[in-house]
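*Asks:* I am attaching a structure below and will ask some questions about it afterwards.
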Amino acid sequence: MEFQKVSHGPTTIFRVKGSLDSDEVLDLRLAIIEETDKRKKNIILNFEEVEVIDLISVGYLLECLRIVRKKGGDLKLVNPNTFVRQMLHEQSVSHFFEICSSESQAINSFRLVA
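My numbering numbers the first residue of the sequence shown as 9 and each following residue consecutively.
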């Protein structure tokens with residue numbers, strides 16, 4: 009897994025590629041926490057190029073969501089594939105995440121709330 013971080017005002021976009029597994033999700037988790045410490049309260053995880061995700065990673069994503077919301081922000085997913093959506097559904101956590109079809113839709117949804 010690798011990711012690219014892009015700042016867009018109060019929003020940080022993480023463009024994630026590859027397989028998100030328990031060994032690599034910790035790097036993403038740390039990067040998300042660092043952004044919230046910088047007062048970047050809106051986090052977008054672009055999963056367009058994520059192939060698979062494991063059970064441990066789902067748990068860490070949920071933890072990241074809780075951390076971001078506790079600091080007054082939100083975390084949204086962009087375009088996860090069928091496998092990722094199914095994993096979220098099977099773990100009964102899909103309803104916690106807002107899923108957007110594009111980065112611009114996710115950015116605009118933050119503006120509607122503000």
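C-beta: ideal position from N, C-alpha, C; glycine also. Computed from a prediction, not measured in an experiment: that's the story for all the values here.
For F105, which residues in the same chain have their Cβ closer than 6 Å to its Cβ, ignoring the five residues on either side in sequence?
*Replies:* Taking the sequence shown and counting its residues from 1, one reaches residue 105 at position 97. Within the same chain, L85 come within 6 Å of F105 by CB-CB distance, once the 5 residues on both sides are set aside.
*Asks:* For S123, report the span of its alpha helix (DSSP H) as first-last.
*Replies:* Absent from the structure is residue 123, since the part of the chain shown begins at 9 and ends at 122.
*Asks:* Helix, strand or coil for F123? Go by DSSP, reduced to three states.
*Replies:* Missing from the structure shown is residue 123; the chain here goes from 9 to 122 and no further.
*Asks:* Have a look at the DSSP bridge pairing and note the partners of I21.
*Replies:* Within the sequence shown, the letter at position 13 stands for residue 21. Per DSSP, V14 and I52.
*Asks:* Quick one: give me the first and last residue of the alpha helix (DSSP H) that T33 is part of.
*Replies:* Locating residue 33 in the sequence shown gives position 25, counting from the first residue. The identity of residue 33 in the sequence shown is Val, whereas the question assumes Thr. First-last of the alpha helix (DSSP H) with V33: V33 to D45.
*Asks:* Using three-state DSSP, classify S117 as helix, strand or coil.
*Replies:* Residue numbering aside, residue 117 sits at position 109 when the sequence shown is read from its first letter. Helix.
*Asks:* Under a three-way DSSP split, which group does S102 fall into?
*Replies:* By one-based count along the sequence shown, residue 102 stands at place 94. If DSSP states are grouped into helix, strand and coil, S102 belongs with the helices.
*Asks:* Between the beta-carbon of G81 and the beta-carbon of K46, is there less than 8 Å?
*Replies:* Translated into the one-based positions of the sequence shown, residue 81 becomes position 73. Translated into the one-based positions of the sequence shown, residue 46 becomes position 38. 8 Å or more divides the Cβ of G81 from the Cβ of K46.
*Asks:* Would you kindly work out how many angstroms separate the C-alpha atoms of V66 and G26, rounded to a whole number?
*Replies:* Residue numbering aside, residue 66 sits at position 58 when the sequence shown is read from its first letter. Residue numbering aside, residue 26 sits at position 18 when the sequence shown is read from its first letter. Rounded to whole angstroms, V66 and G26 show a C-alpha spacing of 15 Å.
*Asks:* Return the residue from the list V76, E56 and I41 that minimises the CA-CA distance to I107.
*Replies:* Here residue 107 refers to the residue found at position 99 when the sequence shown is read from its first residue. Taking each of V76, E56 and I41 in turn and checking the Cα distance to I107, the smallest one comes out for E56.
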